[in-house]
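Numbering (the UniProt record's numbering), first residue to last: 1 to 163. Using N, Cα and C, we set each Cβ at its ideal position, and we do this for glycine too. Predicted, not measured: the structure shown is a model, and the values here were computed from it. Input: a single structure, listed below in structure tokens.
If you want it as structure tokens, here you go:
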């Protein structure tokens with residue numbers, strides 16, 4: 001079956017990126033579920049900023065990720081609902097909150113470190129190589145993912161670590 005978005009060339013580029021992003025998020029969710037990790041891949045960027053910075057405000061996150069304030073607030077709420085992130089109120093400005101990992105957040109982070117390494121390796125493998133253009137490279141990436149899903153690639157390699 002012909003991929004109509006590929007046929008559209010550069011006009012379909014944004015749609016192809018959106019499709020690829022949704023596909024990758026779905027695949028990573030499969031990986032987390034297979035590894036019994038209760039985590040939403042859409043929360044990764046904000047979770048990782050908190051891991052790296054230890055204590056951050058929504059403004060810090062917004063500056064680092066260039067996300068909208070509502071998107072950050074929504075993600076932080078989900079992270080707090082999962083009890084992965086907590087906050088303390090600023091002593092001088094009571095409106096300001098400083099977000100940090102909870103003990104549960106630290107624990108799940110430790111569980112994810114080896115998995116993130118495998119995810120990183122597999123995505124690098126899929127995206128490295130010489131391509132004539134961005135469109136050509138995107139077509140190659142989509143082709144590789146049709147041959148074997150990202151979740152299969154990650155889980156095969158992650159399971160090798162567990163043996």
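### Query
From this set, 82, 1, 30, 73, which residue's C-alpha is nearest residue 149's C-alpha?
Nearest option by C-alpha distance: 30.
### Query
Applying the criterion that 16 or more other CB atoms from any shown protein chain within 10 Å of the CB defines a buried residue, is residue 17 buried or exposed?
Here residue 17 is exposed. Its C-beta has fewer than 16 other C-beta atoms within 10 Å.
### Task
Evaluate the contact criterion for the segment 94-110 versus the segment 140-148: three or more CB pairs, one atom per stretch, below 8 Å.
no
### Query
How would you write the range of the alpha helix (DSSP H) that residue 44 sits in, first residue to last?
44-53
### Query
Would residue 151 be called buried (16 or more neighbouring beta carbons within 10 Å of its own) or exposed?
So residue 151 counts as buried.
### Query
Relative to the C-alpha of residue 135, which residue among 90, 13, 38 is closest?
When only C-alpha atoms are compared, the closest one is 13.
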